[in-house]
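Just so we're aligned, residue 35 is where the sequence shown starts under our numbering, counting upward by one.
Here the structure is laid out as structure tokens; the discussion comes afterwards.
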Amino acid sequence: MTIGRYARAFITALRMTMRGETFVQPYPALTGWMARTVVLVDGIFTTAKANGLDLAARKAMVLPIDRRDVSMESILGTVRHHAAAEYPYLLRNDPGHG
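Encoded structure:
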């Protein structure tokens, strides 16, 4: 970012603050869904660990997906990663075509 962009962002934030406005998330429902997904997957990991399903046991549980055996650890880790990192990245860098 250049100094000009920082200055514009600062001035915009200052104006919004002076008017009592707050930044509105562009996709509030999707943002809430992503946050809830991370909480739920973390809850699954915590519950599994509390009930004796350690990492090795979760890796041993496999489901056939697209004719490949995929462990539950991989599935849940992938869902969590996309909800925590990939989707927010895509929303921040939205080119406006999607």
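Here a beta-carbon is modelled for each residue, glycine too, at the ideal position from N, C-alpha and C.
Residue range of the unbroken beta strand (DSSP E) whose run includes residue i
| i | result |
| --- | --- |
| residue 97 | 96 to 99 |
| residue 128 | Neither: residue 128 is in no beta strand (DSSP E) and is coded neither H nor E. |
| residue 88 | Residue 88 -> no beta strand (DSSP E), and no H or E assigned at all. |
Neighbourhood of residue i by C-beta distance below 7 Å, restricted to the same chain and skipping five residues each side
| i | result |
| --- | --- |
| residue 65 | 59 |
Straight-line gap, residue i to residue j (C-alpha atoms, nearest Å)
| i | j | result |
| --- | --- | --- |
| residue 44 | residue 54 | 15 Å |
| residue 41 | residue 56 | 18 Å |
Residue i (DSSP reduced to helix, strand or coil)
| i | result |
| --- | --- |
| residue 76 | helix |
| residue 58 | coil |
Residue i and residue j closer than 8 Å at C-beta
| i | j | result |
| --- | --- | --- |
| residue 124 | residue 61 | no |
| residue 114 | residue 75 | yes |
Extent of the continuous alpha helix (DSSP H) to which residue i belongs
| i | result |
| --- | --- |
| residue 38 | 37 to 53 |
| residue 116 | Element bounds for residue 116: n/a, residue is neither H nor E. |
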